[in-house]
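Peer 1: These protein sequences, in sequence, are chains A and B. Just so you know, we're using my numbering here: the first sequence kicks off at 362 and counts up by one. Just so you know, we're using my numbering here: the second sequence kicks off at 4 and counts up by one. No residue lacks a Cβ here, since even glycine has one placed at the ideal position from N, Cα and C. I'd like to ask some things about the structure below.
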Amino acid sequence: MKSIILSNRNIKGRYFEIIIRAPEIAAIAKPGQFVNVKVSDGLEPLLRRPLSIHKAGGQRKAKDSVVLLYEVVGKGTEILSGRKSQELLDVIGPLGNGFTYYPLSLPCRQAGAKRYPLILVAGGMGTAPLVFLAEKIAAGLPATTRGAGRFPRDYARGKQATVKPLVLIGAKTKKDILCEEEFRDLGCEVKIATDDGSRGFKGYISELLKQELSAKRYPLSAIYGCGPAPMLKEISLISQKGHIPAQVSLEAHMACGIGACMGCVVKTQNAKRKTQNDFVYKRVCKDGPVFEASQVIWE
Amino acid sequence: MGINLKVKIGRLQLNNPLMVASGTFGYAEEFNDFMDLRQLGAIVTKTITLNPRQGNPPPRTCETPAGMLNSIGLENPGLEKFIQEKLPFLKKTAVPIIVSIASEGGNEEFVTLARQLDKVKEVSAIELNISCPNVKVHSQKFIVHSKKLRTRLISQDPKSTYALVKAVRRVTGKTLITKLSPNVTDIAEIALAAQSGGSDAVSLINTLTAMSIDIESRKPRLGNVTGGLSGPAIRPVAVRMVWEVHQKIKIPIIGMGGISDSLSALEFFLAGASAIAVGTANFINPRTTLEIIDGIKKYLIKNKISSMKTLIGSLQI
């Protein structure tokens, strides 16, 4: 599908934000889903580039637009960064399964708490889809299809007190911190970790997460993570140790993005497993990219 | 002027000569959101084996200049689940279904699969995948005699090809297609062997064995080290091979290898293909096949050609 590029601008460093007009995608996109972008019309590069949806279907003027956030890391994203406003961009989407709310078992109801204690953990470009998720949470809307039917009614009706998740943003340096203001504008509490300590907590974001959890401020919670695989692995371990439900959005090189080629598989737990080494491959593009953290078998 | 796009492959009458290459279209479900599947000439399934296969370790694909490498390793649900879970949807498309089969051992598994599929009326034809470069499926004879030859594919030896096709031919009356490997010295020789064995058609080419290396990590880009190259990069090789085979055999050729638009599709017909299959291009534009059908119609009208028969093999030298 050809979409008009409304803008394509450099935010900072190697990070760009592209806005396209794609009413069909904007109308149904859910946080955690992605679009598959053909960055050029020619053979170089040949394959599409999967980019997670940063925002979609906003208010008024933004109703028909889809926003993508990307970092220039290779020739594909390099070419994309050179695309101009008003040009046509070939985009397929929305693809994949997004984040889901955990149904009735969620602690917010049990405790009658005013705070819905969700923790969003964003590493590097992983911030992109989590802003979209934070938006939906702030609006008190069921974010995705899976489990949405079982979503607490009070919450869906907006009776639940305003939801303010804790957002942990991890970045290499302070120059790489993305979307901090956007999260704050959505009413989130934001904490930062940088690898070099140039801002906030010095060290990996998973360490910061551990610290937060050990402070027992969130004894009952749920974690949503997106970022590099080692970070997601840590989140998975932490969540399982603390018996906190967690979902992670995985990244993978894809050929088709629609579930046909079986190229982007990840090892997951086999429900019917008979031996220790028993596993099933699942497609990141079609079965994911969001998985229950406990289901993924990490390398 | 009425345009007749019908072609015949064995006993199989196709409304048009557009197929999809095995392994690039799953079991068609994934493409239903993007296109009207009924417009296709035929659907070739992802290869199935008798038992389920998990496939090769990731990474399984990587991009290369004008192409890509894959080493999926024939991940599939196995025959039983295919019939139970995948075939009902395929049947609904009302398009001829060509089931691609492979063996994890010797010829016996091919024969068993063909015998079972022969009883399934929704299956229109069987394609023998004897050319997948990503699994070690080889002739029993080689296993016994020489360790060195163990990685040889059936489609890399005319005698093995002949023996297998003949064995499968005995157990099925359905249209039988043999898929050939380009990783040979003389592909026409293999095609002739398939024809002698009783194959109704040959499809060519499967992927070219290939490799790509990440110079920073000094590791192969594929989990399985080597893989198969596909995409526009291999198209000229495929066209040449279709032309070579066309001169030697009488049975129809299903041409494939880097077809991405009607211009590239037409090259294959001129070289002698009776039908063509779109592979890698399905990944980039799921509607490629339908766009090619339109393009071929336009070409035929423009050149006042009324049927595919006139076009096929009409290369002028």
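What would DSSP say about S134/B, mapped onto helix, strand or coil?
Peer 2: Walking along the second sequence from the start, residue 134/B turns up at place 131. If DSSP states are grouped into helix, strand and coil, S134/B belongs with coil.
Peer 1: Give a single yes or no on whether P239/B has its beta carbon closer than 7 Å to a heavy atom of the ligand COA.
Peer 2: In the structure on display, the ligand COA does not appear, and there are no ligands present to speak of.
Peer 1: Quick one: which residues of the stretch 370 to 404 of chain A get their C-beta closer than 7 Å to a C-beta of chain B? List them in chain order.
Peer 2: So the close ones are K399, L404.
Peer 1: Does DSSP put L574/A in a helix, in a strand, or in coil?
Peer 2: Position 213 of the first sequence, counted from the start, is the residue given in the question as residue 574/A. Helix.
Peer 1: Are there three or more Cβ pairs, one per stretch, closer than 8 Å when the stretch 23 to 43 of chain B is compared with the stretch 597 to 608 of chain A?
Peer 2: Verdict: no, contact absent.
Peer 1: Give, in chain order, every unbroken run of the alpha helix (DSSP H) that is at least 4 residues long and sits entirely within the stretch 9 to 85 of chain B.
Peer 2: 81 to 84, all fully within the stretch 9 to 85 of chain B.
Peer 1: Measure the alpha-carbon distance for R41/B versus G374/A and round it to whole angstroms.
Peer 2: By 1-based counting over the second sequence, the position of residue 41/B is 38. By 1-based counting over the first sequence, the position of residue 374/A is 13. Using only the alpha carbons, I get a separation of about 48 Å.
Peer 1: Should T555/A be labelled buried (16 or more other beta-carbon atoms within 10 Å of its own) or exposed?
Peer 2: Your numbering for residue 555/A matches position 194 in the first sequence. Buried, because 16 or more other Cβ atoms sit within 10 Å of the Cβ of T555/A.
Peer 1: Please state whether DSSP places F460/A in a helix, a strand or coil.
Peer 2: Mapped onto the first sequence, residue 460/A falls at position 99. Coil.
Peer 1: Chain B partners of K490/A, CB-CB under 8 Å?
Peer 2: For the purposes of this step, residue 490/A is taken as residue 129 along the first sequence, with counting starting at 1. Reading the sequence as shown, one finds Pro at residue 490/A and not Lys. Near P490/A there are no residues of chain B at all, since even the closest Cβ is about 21 Å away, more than 8 Å.
Peer 1: Tell me which same chain residues have a C-beta within less than 8 Å of the C-beta of G231/B, skipping the five on either side of it?
Peer 2: By one-based count along the second sequence, residue 231/B stands at place 228. Cβ within range, chain order: L72, N73, S74, C135, P136, N137, N209, T210, L211, T212, A213.
Peer 1: Grab me the residues of I237/B's own chain with a C-beta within less than 8 Å of its C-beta, minus the 5 sequence neighbours each way, in chain order.
Peer 2: By one-based count along the second sequence, residue 237/B stands at place 234. So the qualifying residues of the chain are G70, P185, I208, T210, L211, G260, G261.
Peer 1: Tell me where the alpha helix (DSSP H) around I157/B begins and ends.
Peer 2: On the second sequence, residue 157/B is found 154 positions in, with the first residue counted as 1. From DSSP, I157/B is part of no alpha helix (DSSP H); its letter is neither H nor E.
Peer 1: Indicate the three-state DSSP secondary structure (helix, strand or coil) for S567/A in the structure shown.
Peer 2: Indexing the first sequence from 1 puts residue 567/A at position 206. Of the three classes helix, strand and coil, the one that applies to S567/A here is helix, per DSSP.
Peer 1: So, I363/B versus A278/B, is the Cβ gap smaller than 8 Å?
Peer 2: Coverage of chain B is limited to positions 4 through 320, which leaves residue 363/B absent and any answer about it impossible.
Peer 1: I'd like to know if G624/A contacts chain B, where contact means its C-beta is closer than 8 Å to some C-beta of that chain.
Peer 2: The count along the first sequence starts at 1 and reaches residue 624/A at position 263. Yes, contact with chain B.
Peer 1: What would DSSP say about H415/A, mapped onto helix, strand or coil?
Peer 2: Here residue 415/A refers to the residue found at position 54 of the first sequence. Strand, per DSSP.
Peer 1: Tell me which residue opens and which closes the alpha helix (DSSP H) that K594/A is part of.
Peer 2: The residue given as residue 594/A occupies position 233 in the first sequence. Run containing K594/A: 590 to 602, per the alpha helix (DSSP H) assignment.
Peer 1: What span of residues does the beta strand (DSSP E) with M623/A cover, start to end?
Peer 2: Taking the first residue of the first sequence as 1, we reach residue 623/A at position 262. Neither: M623/A is in no beta strand (DSSP E) and is coded neither H nor E.
Peer 1: Along the chain, where does the beta strand (DSSP E) that runs through Q394/A open and close?
Peer 2: In the first sequence, the residue the question calls residue 394/A occupies position 33. Element bounds for Q394/A: n/a, residue is neither H nor E.
Peer 1: Quick check: the Cα distance between V396/A and G298/B, rounded to an integer number of angstroms?
Peer 2: Position 35 of the first sequence holds residue 396/A. Position 295 of the second sequence holds residue 298/B. Rounded to whole angstroms, V396/A to G298/B spans 28 Å at the Cα level.
Peer 1: Kindly indicate if chain B contains any beta-carbon less than 8 Å away from that of K643/A.
Peer 2: Position 282 of the first sequence, counted from the start, is the residue given in the question as residue 643/A. Not an interface residue.
Peer 1: So, does the CB of I208/B fall closer than 8 Å to a CB anywhere in chain A?
Peer 2: Residue numbering aside, residue 208/B sits at position 205 when the second sequence is read from its first letter. Chain A contact via Cβ: absent.
Peer 1: Please confirm whether L593/A and L611/A have their CB atoms less than 8 Å apart.
Peer 2: Counted from its first residue, the first sequence places residue 593/A at position 232. Counted from its first residue, the first sequence places residue 611/A at position 250. Their beta carbons are under 8 Å apart, which means L593/A touches L611/A by this criterion.
Peer 1: Please list the terminal residues of the continuous alpha helix (DSSP H) segment that includes S103/B.
Peer 2: Residue mapping note: residue 103/B aligns to position 100 of the second sequence, counting from 1. Careful: S103/B lies outside any alpha helix (DSSP H), inside the beta strand (DSSP E) at 100 to 104.
Peer 1: Can you pull the chain B neighbours of G620/A, defined as C-beta to C-beta under 7 Å?
Peer 2: Translated into positions along the first sequence, residue 620/A becomes position 259. Here the neighbours are G29, E33.
Peer 1: Which of the three DSSP states is assigned to G485/A in this structure?
Peer 2: Position 124 of the first sequence holds residue 485/A. Of the three classes helix, strand and coil, the one that applies to G485/A here is helix, per DSSP.
Peer 1: Kindly indicate the opening and closing residues of the beta strand (DSSP E) around V400/A.
Peer 2: Numbered from its first residue, the first sequence carries residue 400/A at position 39. No beta strand (DSSP E) holds V400/A; DSSP gives it neither H nor E.
Peer 1: Output yes or no for whether 8 Å exceeds the beta carbon distance between L547/A and A499/A.
Peer 2: Here the question's residue 547/A lines up with position 186 in the first sequence. Here the question's residue 499/A lines up with position 138 in the first sequence. Taking 8 Å as the Cβ cut-off, L547/A and A499/A qualify as a contacting pair.
Peer 1: Output needed for A613/A: all residues of its chain with C-beta closer than 6 Å, excluding positions within five of it in sequence on either side, in chain order.
Peer 2: Here residue 613/A corresponds to residue number 252 of the first sequence, with the count starting at 1. The answer, listed in chain order, is C625, V645.
Peer 1: Hey, out of N110/B, E125/B, V126/B, whose CA is closest to N132/B's CA?
Peer 2: Along the second sequence, one-based indexing puts residue 132/B at 129. Per the Cα distances, N110/B.
Peer 1: List the residues of chain A that Q57/B touches, going by C-beta distances under 7 Å, in chain order.
Peer 2: On the second sequence, position 54 is the one that residue 57/B refers to. By Cβ distance, chain A contributes Y642.
Peer 1: Do you know whose CA, among V400/A, V657/A, K497/A, lies nearest P392/A's CA?
Peer 2: What you label residue 392/A is simply residue 31 of the first sequence in a count that begins at 1. Residue K497/A is the option with its Cα nearest to P392/A.
Peer 1: At least one CB of chain A closer than 8 Å to the CB of Q16/B: is that the case?
Peer 2: Taking the second sequence and counting its residues from 1, one reaches residue 16/B at position 13. Chain A contact via Cβ: absent.
Peer 1: Out of F271/B, S163/B, S267/B, state which residue places its alpha-carbon closest to the alpha-carbon of I256/B.
Peer 2: Stepping through the second sequence from its first residue, residue 256/B is reached at position 253. It is F271/B whose Cα lies nearest to the Cα of I256/B.
Peer 1: Check the Cβ of A69/B against every Cβ in chain A and list those closer than 8 Å, keeping chain order.
Peer 2: Position 66 of the second sequence, counting from 1, holds the residue named residue 69/B. Correct list: L404, E405, L407.
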